[in-house]
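Numbering (our numbering), first residue to last: 1247 to 1598.
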């Protein structure tokens, strides 16, 4: 099996982290791969560092027709069995060939950009439903959870040094991670923190709303207890240092960060938005509160901090749920089995 991955741009985000994780999983399994990416893509550079052949192009370039020509010329030379495009910009540049074109189903499905994809991987049920509603055949859309950071090699994860984040060693610590958008509910978490004294909060993430969130923390009087960490692809050291992980999202179809917290054995509080609500069982493997309910969120945080035995029971149940459904030996096999199965089927005509 030969696979080419095409990913445009640089920067940060969950999709780029997924790209690197899957490339490294397939590389460890001995599967032949090439990556087509921009020089500024740090995830592609790390994949190259472990031995995956990488072809550098300016993606997205100034002229899309030139990108298209260069990419498809490379595909003809390499003759892959599968081409995986990791964003809609890349998907739109791939021309049909003798390979299976695999794309990722976005939350807001865009048919023209995904027109040449024979198959879509949907990391959530909501994204699967969106693709089906747009006219994709159910046999061509496969629901597979995103790969957690535990698929990456690790010789042991140490808690991040609190001193480096100016956090007292004895302080109780909350951790959250998200792109800085209104839908992620970070402002609600700030409001809840304002009603809970003494706790510190580490926030991993970035985005256009960072300045507004920093101002919000200052206005609420919690800025001295909040640390902005920037975007972090690997959450494990921060989860190991935290007492509780909170996912306060107002709209969220994925639950990647909750799975990461479960893997780390960290108790979880989440709002009952779509992804967390489907994944978690309230008071069994975490606590669910109503979306936007700041008081309930604050009460849940207080409960976790006071009822330490109960918090540990929830964390243990989360670790069990992770081991049963999301451990590397389970998800890695699902991805590899899917890809191997795709090359044995006829290449169907994509949605026009």
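C-beta atoms are modelled at their ideal positions from N, C-alpha and C, and glycine is treated no differently.
Going by alpha carbons, who is nearest to residue i out of the options?
i            : options                : result
residue 1471 : 1284, 1526, 1436, 1262 : 1436
residue 1376 : 1538, 1357, 1364, 1324 : 1357
residue 1390 : 1296, 1491, 1264, 1429 : 1264
residue 1454 : 1430, 1443, 1434, 1473 : 1430
residue 1402 : 1482, 1361, 1382       : 1482
residue 1380 : 1491, 1354, 1400       : 1354
residue 1329 : 1366, 1422, 1529       : 1366
residue 1422 : 1382, 1285, 1475       : 1475
residue 1325 : 1555, 1255, 1347       : 1347
residue 1250 : 1285, 1332, 1261       : 1332
residue 1262 : 1473, 1447, 1480, 1374 : 1480
residue 1555 : 1529, 1498, 1361       : 1529
residue 1442 : 1515, 1548, 1291       : 1548
residue 1584 : 1254, 1385, 1432       : 1385
residue 1568 : 1510, 1462, 1535       : 1510
Checking 7 Å against the spacing of the C-beta atoms, do residue i and residue j come in under that value?
i            : j            : result
residue 1327 : residue 1418 : no
residue 1478 : residue 1507 : no
residue 1406 : residue 1345 : no
residue 1420 : residue 1459 : no
residue 1339 : residue 1314 : yes
residue 1372 : residue 1577 : no
residue 1394 : residue 1566 : no
residue 1531 : residue 1486 : no
residue 1589 : residue 1275 : no
residue 1363 : residue 1349 : yes
residue 1537 : residue 1496 : yes
residue 1370 : residue 1500 : yes
residue 1277 : residue 1312 : no
residue 1426 : residue 1456 : yes
residue 1281 : residue 1298 : yes
residue 1337 : residue 1359 : yes
residue 1533 : residue 1546 : yes
residue 1424 : residue 1468 : no
residue 1473 : residue 1448 : yes
Mapping DSSP to helix, strand and coil, what is residue i?
i            : result
residue 1572 : coil
residue 1385 : helix
residue 1590 : coil
residue 1412 : coil
residue 1598 : Residue placement at residue 1598 is flagged as unreliable, the pLDDT there being 43, under the threshold of 50; the coordinate-derived value follows with that caveat. In this structure, residue 1598 counts as coil in the three-state DSSP scheme.
residue 1532 : strand
residue 1477 : coil
residue 1264 : helix
residue 1258 : coil
residue 1449 : strand
residue 1632 : Since the first residue of the chain shown is 1247 and the last is 1598, residue 1632 is not available in this structure.
residue 1497 : coil
residue 1512 : coil
residue 1566 : helix
residue 1380 : coil
residue 1283 : strand
residue 1420 : strand
residue 1540 : helix
residue 1251 : strand
residue 1427 : coil
residue 1506 : helix
residue 1469 : helix
residue 1491 : strand
residue 1603 : Residue 1603 lies beyond the range of the chain shown here (1247 to 1598); nothing can be said about it.
residue 1454 : coil
residue 1582 : helix
Assuming residue i and residue j are in contact, meaning their beta carbons sit under 8 Å apart, how far apart are those beta carbons, in whole angstroms?
i            : j            : result
residue 1599 : residue 1550 : Because residue 1599 is not part of the residues shown, which for the chain are 1247 to 1598, the question remains open.
residue 1266 : residue 1294 : Not confirmed; about 10 Å, so no contact.
residue 1317 : residue 1252 : 6 Å
residue 1465 : residue 1493 : Between residue 1493 and residue 1465 the Cβ distance is about 23 Å, and since that is not below 8 Å, they are no contact.
residue 1397 : residue 1368 : With a Cβ gap of about 19 Å, residue 1397 and residue 1368 do not count as contacting.
residue 1269 : residue 1434 : With a Cβ gap of about 35 Å, residue 1269 and residue 1434 do not count as contacting.
residue 1438 : residue 1543 : 4 Å
residue 1283 : residue 1300 : 6 Å
residue 1259 : residue 1392 : Between residue 1392 and residue 1259 the Cβ distance is about 12 Å, and since that is not below 8 Å, they are no contact.
residue 1374 : residue 1400 : Actually they are not in contact, since the Cβ atoms of residue 1374 and residue 1400 sit about 31 Å apart, beyond 8 Å.
Is there at least one Cβ from chain B nearer than 7 Å to residue i's Cβ?
i            : result
residue 1389 : Note that chain B does not occur in the displayed structure, where there is just one protein chain.
task: Let me know the beta strand (DSSP E) ranges lying completely inside the region 1302 to 1367, each 3 residues or longer, listed in chain order.
output: 1328 to 1331, 1346 to 1350
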